[in-house]
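Everything below concerns the one structure shown next.
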Amino acid sequence: MDVQHLSDEEFAQRGNAIFEERVRPNVDVDAEAHKFVAIDVETGKYEIDESDVEASDRLVEREPEAEGRIWLRRVGSPHAYRFGTRFHSTDPAAQ
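Taking the working numbering as reference, the numbering of the sequence shown is continuous, increasing by one, and the terminal residue is 678.
Structural data, given as structure tokens:
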């Protein structure tokens, strides 16, 4: 599969599908939810680490051709990071 022609959405879908098929069955999601998973969306090979950089670097070291086709996410979330703000009510009754 030539992943270079995938849209951003297709790339993310492929990365998350590989996670569900190959990674999730081999990890304790509850215990490792905070860790990062770097997934080569073309081959399905992956690395897991506390650090996003370490996981990605280790995958590229093992599979140099993975450079440019890595999907990064957390074990316990389909996203690596959350951007934006979270609004909290200042009303004590709402908490």
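Cβ atoms here follow ideal geometry from the backbone N, Cα and C, with glycine treated the same way. Here the structure is a predicted model, which means the values were calculated and not measured.
query = If we ignore side chains and look at the alpha-carbon of each, how far apart do Arg-652 and Ala-621 end up?
reply = 10 Å
ask   = Looking only at its own chain, which residues have a Cβ that is under 7 Å from the Cβ of Phe-594, when we skip the five neighbours before and after it?
value = Val-586, Val-624, Trp-654
message = Measuring straight from C-alpha to C-alpha, what distance separates Leu-642 and Arg-605?
response = 15 Å
request  = May I have the straight-line CA-CA distance separating Glu-633 from Ala-649, to the nearest angstrom?
outcome  = 20 Å
Simplified DSSP assignment, three categories, for Asp-623 = strand
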